[in-house]
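According to the numbering used here, the residues represented by the sequence shown are 3 to 247, in order. Take a look at the structure set out below.
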Amino acid sequence: MPAAVILLVDDTPLNNEILRIGARQNGYQTLTALSAEAARDLLKESLPDLILLDILMPKVNGFEFCAELKADPRTRDIPVIFMSALHETVDKVRGFSVGGVDYVTKPFDMDEVQVRVKTHLTLYQQRLEIERLYAQASELAALHERQRIARDLHDSLSQSLFSINSIAEALPRILTKSPDRAVKYATQLAGITRSAQAEMRALLLELRPEALTGSDLADSLVQLTGIFAANSSLQVRHDLMSGSR
């Protein structure tokens, strides 16, 4: 696994250097910025695994910058640990309210900082792994469901098409001997066809809903009945919502 990357944002170069040395000693890579504006530019190029963020900075303070990060889909999940000389509870509460996951007061103790960094990096990486496994499980479940629907579609249409084909083959012979019976069989044929279309629509709606809109459904039905017509002696006329074909 590649080393975690930590973005250090503090307008005091010495603080950044102390944190950089401590991070490197623990096997982390670092990016440094002296302002929120500089950090914003760095984030356009690459995303860190964690951000150590000072609060009292000129122009854009840490609270404002953290709120900006949490509003951006690219950066909202990156854990932010605040570092500040502000010791009041109200400041800590504000830090958490804008999206920070932790708060370290200055002057900071490096051992404490490293423990907090390690904890939140572990939590962040575990969260990413859980999301990856969930996505993988969802994809597998969707694949199994599509396979089930495809089997149902195949079985249903095979049975319907067999019945349609049997009646279609018998119709010319029956028509010459008994027109009344031929009408009865033709009515039965139409009913089976409607049922098959309804089943196909229901199953395809589960399998791929976007395929059953407008001309896509019409094209699917035309293709299906075209196959039937090619294998029978009957002519097929389409009377769809978009017009007769």
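Each residue gets a CB set at the ideal place from its N, CA and C atoms; glycine is no exception.
Spatial distance of residue i from residue j (CA atoms)
{"i": "ALA188", "j": "ARG153", "result": "29 angstroms"}
{"i": "LEU44", "j": "GLY24", "result": "21 angstroms"}
{"i": "ALA5", "j": "ASP113", "result": "19 angstroms"}
{"i": "ALA87", "j": "GLY102", "result": "16 angstroms"}
{"i": "ILE8", "j": "ALA143", "result": "36 angstroms"}
{"i": "ARG196", "j": "VAL185", "result": "17 angstroms"}
{"i": "LEU130", "j": "SER165", "result": "53 angstroms"}
{"i": "PHE84", "j": "ILE20", "result": "16 angstroms"}
{"i": "VAL92", "j": "LEU135", "result": "38 angstroms"}
{"i": "VAL117", "j": "GLN127", "result": "15 angstroms"}
{"i": "GLY29", "j": "ALA69", "result": "29 angstroms"}
{"i": "THR107", "j": "GLN138", "result": "40 angstroms"}
{"i": "ARG78", "j": "PRO109", "result": "27 angstroms"}
{"i": "THR248", "j": "GLU147", "result": "Given that the chain is displayed from residue 3 to residue 247, the structure contains no residue 248 and the question cannot be resolved."}
{"i": "LEU214", "j": "ALA200", "result": "Residue confidence for LEU214 is low, a pLDDT of 47 falling below 50, so the modelled location carries little weight; the figure read from the coordinates is stated next. Their backbone Cα atoms lie some 12 angstroms apart in a straight line."}
{"i": "ILE253", "j": "GLY193", "result": "No answer is possible for residue 253: the residues shown for the chain start at 3 and end at 247."}
{"i": "VAL62", "j": "LEU123", "result": "25 angstroms"}
{"i": "GLU66", "j": "ALA73", "result": "11 angstroms"}
{"i": "GLU47", "j": "SER140", "result": "31 angstroms"}
{"i": "LEU125", "j": "VAL119", "result": "10 angstroms"}
{"i": "ASN18", "j": "HIS89", "result": "20 angstroms"}
{"i": "ILE176", "j": "ASP157", "result": "28 angstroms"}
{"i": "ARG26", "j": "VAL115", "result": "13 angstroms"}
{"i": "ARG183", "j": "LEU145", "result": "46 angstroms"}
{"i": "PRO75", "j": "LEU36", "result": "24 angstroms"}
{"i": "VAL100", "j": "ARG42", "result": "17 angstroms"}
{"i": "ASP111", "j": "ARG150", "result": "58 angstroms"}
{"i": "SER168", "j": "LYS179", "result": "17 angstroms"}
Residues bridged to residue i [DSSP beta-bridge criterion]
{"i": "VAL11", "result": "ALA35, LEU55"}
{"i": "MET112", "result": "MET112 pairs with nothing; no bridge assigned."}
{"i": "THR107", "result": "SER86"}
Cβ-based burial, residue i [other Cβ within 10 Å; buried from 16]
{"i": "ARG247", "result": "Because the pLDDT at ARG247 is just 47, under 50, the model does not fix this residue reliably, and the value given afterwards should be weighed accordingly. Looking at its Cβ environment, which holds fewer than 16 other Cβ atoms inside 10 Å, ARG247 is exposed."}
{"i": "LEU52", "result": "buried"}
{"i": "GLY97", "result": "buried"}
{"i": "GLY64", "result": "buried"}
{"i": "ASP104", "result": "buried"}
{"i": "VAL95", "result": "exposed"}
{"i": "LEU191", "result": "buried"}
{"i": "ASP268", "result": "Residue 268 falls outside the range modelled here, since the chain spans only 3 to 247, and no answer is possible."}
{"i": "GLY245", "result": "The predicted model places GLY245 with a pLDDT of 46, which falls under 50 and marks its position as unreliable, so this point remains unresolved."}
Closer than 6 angstroms: residue i CB and nearest the ligand MG heavy atom
{"i": "VAL11", "result": "As for the ligand MG, it is missing from this structure, which has no ligand bound."}
Assumed close pair residue i, residue j - CB separation to whole angstroms, cut-off 8 angstroms
{"i": "LEU55", "j": "VAL82", "result": "5 angstroms"}
{"i": "THR32", "j": "LEU10", "result": "6 angstroms"}
{"i": "MET59", "j": "ALA40", "result": "Going by Cβ atoms, the distance from MET59 to ALA40 rounds to 10 angstroms, so no, they are not a contact pair."}
{"i": "ARG22", "j": "THR34", "result": "6 angstroms"}
{"i": "ILE80", "j": "LEU71", "result": "7 angstroms"}
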